[in-house]
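Protein chains: 2
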Amino acid sequence: MLTDRQLLILQVIIDDFIRYGQPVGSRTLSKKDKITFSSATIRNEMADLEELGYIEKTHISSGRVPSEKGYRYYVDHLLSPERLTPDDMRKIKSIFAERIYELEKIVQKSAQILSDLTSYTSIVLGPAVKDNRLKRLQIIPLNRETAVAIIVTDTGHVENRMITLPASVEASDLEKMVNILNERLVGVSIAELKDKIYREVANVLRTHIYSYDSMLKTIAETLDIPQEEKMFFAGKTNMLIQPEFNDIEKIRSLMAMIEQEKDFYRLLRQNSKKGIQVTIGRENQLSGMENCSLITATYSAGEEQLGTIAILGPTRMEYSRVIAILQRVASDLSTALTDWYQNS
Amino acid sequence: MLTDRQLLILQVIIDDFIRYGQPVGSRTLSKKDKITFSSATIRNEMADLEELGYIEKTHISSGRVPSEKGYRYYVDHLLSPERLTPDDMRKIKSIFAERIYELEKIVQKSAQILSDLTSYTSIVLGPAVKDNRLKRLQIIPLNRETAVAIIVTDTGHVENRMITLPASVEASDLEKMVNILNERLVGVSIAELKDKIYREVANVLRTHIYSYDSMLKTIAETLDIPQEEKMFFAGKTNMLIQPEFNDIEKIRSLMAMIEQEKDFYRLLRQNSKKGIQVTIGRENQLSGMENCSLITATYSAGEEQLGTIAILGPTRMEYSRVIAILQRVASDLSTALTDWYQNS
DNA sequence: TGTTAGCACTCACATACATCGAGTGCTAAA
DNA sequence: TTTAGCACTCGATGTATGTGAGTGCTAACA
């Protein structure tokens, strides 16, 4: 167990390193207000902290740098909660300045403001479509072979895709079918649509529609809506400003990782537990993340979790500030969206 | 005017530099097969070429490097057309392997393949929506206040947006209005929609619709569809591999430029004249492009120009290869889309 | 017994300097 | 007109050396 003095030293080392990005030595520490004992004492304590794995040296006679374990302890136990400045608050409020029409717009704007505020990269996931309910299905034939199918949800989200019409299908049949589908499926949640078709609607269709067989598959495919949340990035190049990324190789692997959206999406989904989550360096099991930390928060409407907002920064990230900002944005976003869904 | 021997030397210098990225000296040149005279002669010729501004030294006793003027001359007069390898051809064909359903998909895939083939960054613009014609307009009320308006074009492109309904509007009126709009506007090109409403449809609406005044503006806004082509990037990080970008500052300004999509879009639009266009280094009047060249080609369906495909690479780019690839992809894309539009 | 002053030691980093080699321009001979 | 030869330039590379911020350890101190 760490003594109070060791904790103090660990905290001051990390605070200083986050601020200046330079290894912290015993002399520097001894000059801090909070620290009342000499550099020699500090050296002894630091040797212990190093042995316990909370700090590291970059080389044998250098100052100390926090290890991942150190950051972890810092985040879990030592974080001093930070108050947002009025300016920060103003910027966050500006996300909601205009009336919300489209969810995606506000989500995108959140990402933008988050990266502005933090100078790191921000990622916003969501909002999930799967719990939305079908408002209207429409199939609009373009020519003999193809049509575009449009699905509108109760939240105003629109999905569309091209479909190939079976050669045998009649325009009147198509219309009839769309009517039946709307009658039966409006109000059903998007995730259940496909299932419901086979369970309940297939029979009705069979009795009414001539080219039933060939259409059923087409329709089922049509309603098989991708349920992955969209991912919005902002400030992708902000990481280039961070001094730890002045090495081309690091930049390359980081950028490659970000561009490889699939893996990154998976990583974010792993962090979608409610509340603030911090994963530090190699805790993120994704190559390219060695020098990065990811902080995520979830937002929701009412009880239902809608998505995730996240900040990707160097491990030497301003954790307390970023957490404060994320908490605030997530909560404001949740409030706004709860309102929005209630009025829908 | 340059002599034949000067042209030969210029060509060999640029070919060599494009290949190896190192300043080219007289000794290196004298060993090339094509060159039958001594290094001393070459030195004399190079001094002349330098005086004329076609090549430069990186420092006083270094080999020569092509200047922008040199590249320009090379591209305009010295380019030896390159044949694509079977492997390249195969990859290009793979763009069109699947049946085309959605234009965007194929455009995106083109961008992907282009960046794969070249190891540079590719950008694809388009296809433009403005010459498409309205197939169907739909307004689906979500609640008392808001509705989602959906516009489908004859090419199957779907645009949607949220609108606020005037408080006074009746559901039956809304339906009536949508019917009128569809009757009058189907087949009208997207670019002319807004105009046509005021010129021809407004009067009809006035006589049939109760809350005419409040609706008209909403409708006009709804139909004011953004006519900018979408921009698809692929291989954004490919430039990081190029040895000329081993300088952090260069990477930063390049990445910042790419992320700043607006300006880049404008730049691309400037290069939208038909056929292949090459702009070298500072010919692109956009900061961050100093060390880059942009090669663009346009694609079309029938007579109508639809968009642009482009490659962004270092000034030391494999011009002839990239041009050959772009030409091929643009032409295949045009053929495919011409077909596609004919069947629509 | 915990704390501190003092000291020898380490190592990254900066500076200075020598060396090397690919390249140049110029001159004079072929 | 071409080319061989030569002195010269300059970036790159390697080596020596000094500086300073940092360390660990020991012994004296409160």
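Residue numbers (our numbering), protein chains in the order written: chain A, 1 to 344; chain B, 1001 to 1344.
All residues carry an ideal CB built from backbone N, CA and C; glycine is no exception.
Distance between Arg1269 of chain B and Thr1298 of chain B, taken at the CA atoms: about 11 Å. If you compare the alpha carbons of B:Ala1167, B:Val1169, B:Arg1136 with that of Gly1156 of chain B, the shortest gap goes to B:Arg1136.
According to the DSSP assignment, Pro1314 of chain B belongs to no alpha helix (DSSP H) but to the beta strand (DSSP E) extending over 1304-1314. Residues Pro23, Val65 of the same chain have their beta carbon placed closer than 8 Å to that of Thr58 of chain A, with the five preceding and five following residues left out of the count.
Beta-bridge analysis with DSSP links Ser293 of chain A to A:Ile280, A:Gly313.
DSSP places Pro141 of chain A in the strand class (E or B) of the three-state scheme. C-alpha of Ser320 of chain A to C-alpha of Leu84 of chain A: approximately 10 Å in a straight line. Here Leu125 of chain A really is in contact with Gly307 of chain A; their C-beta atoms are around 5 Å apart, less than 8 Å.
With a threshold of 8 Å between beta carbons, Asp154 of chain A makes contact with chain B.
With contacts defined by Cβ atoms closer than 8 Å, Lys230 of chain A and Ile258 of chain A do not form a contacting pair. If you compare the alpha carbons of A:Ser172, A:Val188, A:Glu228 with that of Pro127 of chain A, the shortest gap goes to A:Glu228. Counting along the chain, the unbroken alpha helix (DSSP H) around Asn1343 of chain B starts and ends at 1319-1343.
Nearest neighbour of Ala147 of chain A by Cα position, chosen from B:Ala1147, B:Val1148, B:Val1158, turns out to be B:Val1158.
Cβ neighbours of Ser1287 of chain B within its own chain (closer than 8 Å, five residues either side excluded): Ser1253, Met1257. With 16 or more other Cβ atoms from the protein chains shown falling within 10 Å of its own Cβ, Asp1015 of chain B counts as buried. Arg184 of chain A sits in a helix when the DSSP states are folded into three classes. Of B:Asp1088, B:Arg1019, B:Leu1007, the smallest CA-CA separation from Glu1050 of chain B is found for B:Leu1007.
For the pair Val204 of chain A and Ile225 of chain A, the CB atoms are not nearer than the 8 Å cut-off. In this structure, the straight-line span from the alpha carbon of Tyr1120 of chain B to that of Glu1318 of chain B is close to 10 Å.
The region 173-192 of chain A and the region 1166-1185 of chain B do not touch, with fewer than 3 CB-CB distances between them shorter than 8 Å.
Taking each of B:Ile1311, B:Thr1153, B:Asp1339 in turn and checking the Cα distance to Ala1234 of chain B, the smallest one comes out for B:Ile1311. The shortest C-alpha to C-alpha distance from Val1201 of chain B to any of B:Glu1303, B:Thr1315, B:Ala1220 is the one to B:Ala1220.
Look at the region 1133-1146 of chain B: the residues with a C-beta under 8 Å from a C-beta of chain A are Lys1135, Arg1136, Gln1138, Ile1140, Leu1142, Asn1143, Glu1145, Thr1146.
Within the region 101-126 of chain A, the residues whose Cβ lies closer than 8 Å to any Cβ of chain B are, in chain order, Tyr101, Glu102. Under the three-state reduction of DSSP output, Phe1245 of chain B falls in the helix class. Residue contact check for Arg1252 of chain B against chain A: a CB pair falls below 8 Å. Residue contact with chain A for Ala1256 of chain B: present (Cβ-Cβ distance below 8 Å to some residue of chain A). Separation of the CB atoms of Ile276 of chain A and Ile323 of chain A is rounded to 6 Å, and the pair is thereby assigned contact status at 8 Å. The beta carbons of Arg133 of chain A and Thr222 of chain A sit no closer together than 8 Å.
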